[in-house]
Amino acid sequence: QLQDVTTVASNVKILAIHNYNLSLDMVICLIQSFAYLEKLYIQTSNVPGGNNFWRCKHRALIKRLDICLKTIVLKNYRDVKSQVNFATFFVLNAKMLELWYLRADPTMTLGSFVQSRKTYFSWRKGPQE
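Sequential numbering of the sequence shown, starting at 7, is according to my numbering.
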């Protein structure tokens, strides 16, 4: 029975989660469970908290973890330190990452989000059109 669950988990390529408080530790655990995960969609609640520090905490893991993600979408981005740390982890360590899409929390004021009139940020690897 357990082998069947492992087989299914290894074949999952797209995963969508709603996480009350964005946790890098939890997402890393999911990535380890779903080895061939290519697309990750995350929706968070508007709850501040946590810090998602990872540079020292996950140093050994980063060297051996192969992050196959090509697309990450984060809804309700608030530009707080924990979310910046979360995003930085994947930009620096997901070697196959092609698209990183941050959708701002709709309750944020325009001035508080990157001093622009856009409510999203998109990063794409390679030449831009």
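Here a beta-carbon is modelled for each residue, glycine too, at the ideal position from N, C-alpha and C.
Residue i to residue j span [Cα, whole Å]
| i | j | result |
| --- | --- | --- |
| T77 | Q89 | 17 Å |
| V86 | I34 | 20 Å |
| Y196 | A93 | The chain is shown only over 7 to 135; residue 196 falls outside these bounds and no answer can be derived. |
| T46 | K63 | The amino acid occupying residue 46 in the given sequence is Leu; Thr does not appear at that position. Looking at the two C-alpha atoms, the distance is approximately 22 Å. |
| N91 | N58 | 6 Å |
| L105 | K81 | 14 Å |
| E3 | C74 | As shown, the chain starts at 7 and ends at 135. That puts residue 3 outside it, with no answer to give. |
| L98 | I68 | 10 Å |
| I48 | M32 | 12 Å |
| T125 | M102 | In this predicted model, T125 has a pLDDT of only 45, less than 50, meaning its place in the structure is not dependable enough to derive any value. |
DSSP three-state assignment for residue i, whether helix, strand or coil
| i | result |
| --- | --- |
| A100 | coil |
| A66 | helix |
| A15 | helix |
| V86 | coil |
| N91 | helix |
| K76 | coil |
| Y107 | strand |
Terminal residues of the alpha helix (DSSP H) in which residue i lies
| i | result |
| --- | --- |
| L36 | L30 to S39 |
Assigned exposure category for residue i - 16 Cβ within 10 Å defines buried
| i | result |
| --- | --- |
| A66 | exposed |
| A41 | exposed |
First and last residue of the uninterrupted beta strand (DSSP E) at residue i
| i | result |
| --- | --- |
| L47 | The sequence given here has Tyr at residue 47, not Leu. Start and end: K45 to T50. |
| N57 | No beta strand (DSSP E) contains N57, which DSSP labels as neither H nor E. |
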